[in-house]
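Quick notes on the structure that follows.
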Amino acid sequence: AELDRFCDTLISIRQEIALIENGKADIHNNVLK
13 AELDRFCDTL ISIRQEIALI ENGKADIHNN VLK
């Protein structure tokens, strides 16, 4: 269960990175900063 949450978090972070890479999220104002 804990590992599932960890993996879901990593997937979420990767999706945020993809949005920034694709120009769909502000490179200077995002949740990863």
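Here our numbering is used: the first residue of the sequence shown is 13, the next is one more, and so on.
In this text, a Cβ means the ideal position worked out from N, Cα and C, and glycines have one as well.
Delimiting residues of the alpha helix (DSSP H) encompassing residue i
i     : result
Leu22 : 14-33
Inter-residue spacing [alpha-carbon to alpha-carbon] between residue i and residue j
i     : j     : result
Ser24 : Glu14 : 15 Å
Thr21 : Val43 : 13 Å
Ile39 : Gln27 : 14 Å
Cys19 : Ile29 : 15 Å
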